[in-house]
Amino acid sequence: MPFPALFAITVVLGLAVWGAVAWHYIWPALRERSRPENLTPILMLHGFRFLGLAFVVPGVVSPELPAAFAQPVAYGDLISAVLALLALATLGTRAGTVVAWVFNTFGTADLLFGFYQGARISLPETQGLLGAGYFILAGYVPLLLITHGLAFRILLRTKVVFPSRGKLSAA
Numbered sequence: 004m005p006f007p008a009l010f011a012i013t014v015v016l017g018l019a020v021w022g023a024v025a026w027h028y029i030w031p032a033l034r035e036r037s038r039p040e041n042l043t044p045i046l047m048l049h050g051f052r053f054l055g056l057a058f059v060v061p062g063v064v065s066p067e068l069p070a071a072f073a074q075p076v077a078y079g080d081l082i083s084a085v086l087a088l089l090a091l092a093t094l095g096t097r098a099g100t101v102v103a104w105v106f107n108t109f110g111t112a113d114l115l116f117g118f119y120q121g122a123r124i125s126l127p128e129t130q131g132l133l134g135a136g137y138f139i140l141a142g143y144v145p146l147l148l149i150t151h152g153l154a155f156r157i158l159l160r161t162k163v164v165f166p167s168r169g170k171l172s173a174a
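With the sequence shown counted from 1, adding 3 to any position gets you the working numbering.
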């Protein structure tokens, strides 16, 4: 099977599997909490976006990986990680909500721009350039995209969540 098809299959399956995990496990655990509590695990996960710096580390990726792809991906991820950690530090404040919106918008755009740049340089058609970075794109990026979707859903929710009657009577 041609490498571009294999690459597409891995990304699509990554999105499908992480989407199922989010649907069945992550969202049910988050949906009844307050907004700051909901965003905390998502922001913590995105704090690891510094892993995108691997795309500028020779030996992890091929030295022939075009800088037009590697540098925006690496430094966009680093900026996303810093924004996620800043949002985490300020959660529960008005500024924290603003930073969470900035992080989520920038982080999503960064991931989508990475896919655009990868397609622009025909990355899936050039085997070996990604090296071990392939696993970041195939396994980690779909999780990041899914959790960005969850974060948008949380940020857009205006309904105040109250504990269920069972939780009130237990207290």
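Glycine included, every Cβ here is placed at the ideal spot set by N, Cα and C.
Point to revise | Stretch-stretch touch, CB-based, cutoff 8 Å, three pairs: the stretch 13 to 27 with the stretch 66 to 73 | key: no
Point to revise | Candidates Y137, G117, N107, of which the one nearest R156 by Cα | key: Looking up residue 156 in the sequence shown gives position 153. When only C-alpha atoms are compared, the closest one is N107.
Review point. Among residues of its own chain, excluding the 5 on either side of K162, which ones have a beta-carbon nearer than 6 Å to its beta-carbon?
Key: Along the sequence shown, one-based indexing puts residue 162 at 159. Residue placement at K162 is flagged as unreliable, the pLDDT there being 45, under the threshold of 50; a coordinate-derived value is accordingly withheld.
Exercise for review: Using the Cα positions of V15 and T93, report the straight-line distance between them to the nearest angstrom.
Suggested key: For the purposes of this step, residue 15 is taken as residue 12 along the sequence shown, with counting starting at 1. For the purposes of this step, residue 93 is taken as residue 90 along the sequence shown, with counting starting at 1. Going by the C-alpha atoms only, they are around 34 Å apart.
Exercise for review: Check whether the Cβ atoms of V64 and G136 lie closer than 8 Å to each other.
Suggested key: Here residue 64 refers to the residue found at position 61 when the sequence shown is read from its first residue. Here residue 136 refers to the residue found at position 133 when the sequence shown is read from its first residue. A contact, by the Cβ cut-off of 8 Å.
Check your understanding: What residue range is occupied by the uninterrupted alpha helix (DSSP H) comprising I157?
Key -> Here residue 157 refers to the residue found at position 154 when the sequence shown is read from its first residue. Its alpha helix (DSSP H) spans residues 144 to 159.
Point to revise | Proximity to P5 [Cα-Cα], best of L126, L146, L88 | key: On the sequence shown, position 2 is the one that residue 5 refers to. It is L126.
Practice item. With DSSP collapsed to three states, give me the class of V14. Key: Sequence index remark: in the sequence shown, residue 14 carries index 11 (1-based). If DSSP states are grouped into helix, strand and coil, V14 belongs with the helices.
Point to revise | Burial state of T96 (16 or more Cβ within 10 Å) | key: Residue 96 sits at position 93 when you count from the first residue of the sequence shown. Burial call: exposed.
Exercise for review: Measuring alpha carbon to alpha carbon, tell me which of A154, A122, G142 ends up nearest A87.
Suggested key: In the sequence shown, counting from the first residue as 1, residue 87 sits at position 84. Selected option, being the one with the closest Cα: A154.
Review point. Do L68 and L132 have their C-beta atoms closer together than 8 Å?
Key: Here residue 68 refers to the residue found at position 65 when the sequence shown is read from its first residue. Here residue 132 refers to the residue found at position 129 when the sequence shown is read from its first residue. In contact: L68 and L132 (Cβ atoms closer than 8 Å).
**Study point:** Three-state secondary structure (DSSP) of P66
**Key:** For the purposes of this step, residue 66 is taken as the residue at position 63 of the sequence shown. In the structure shown, P66 sits in coil (DSSP, three-state: anything other than H, G, I, E or B).
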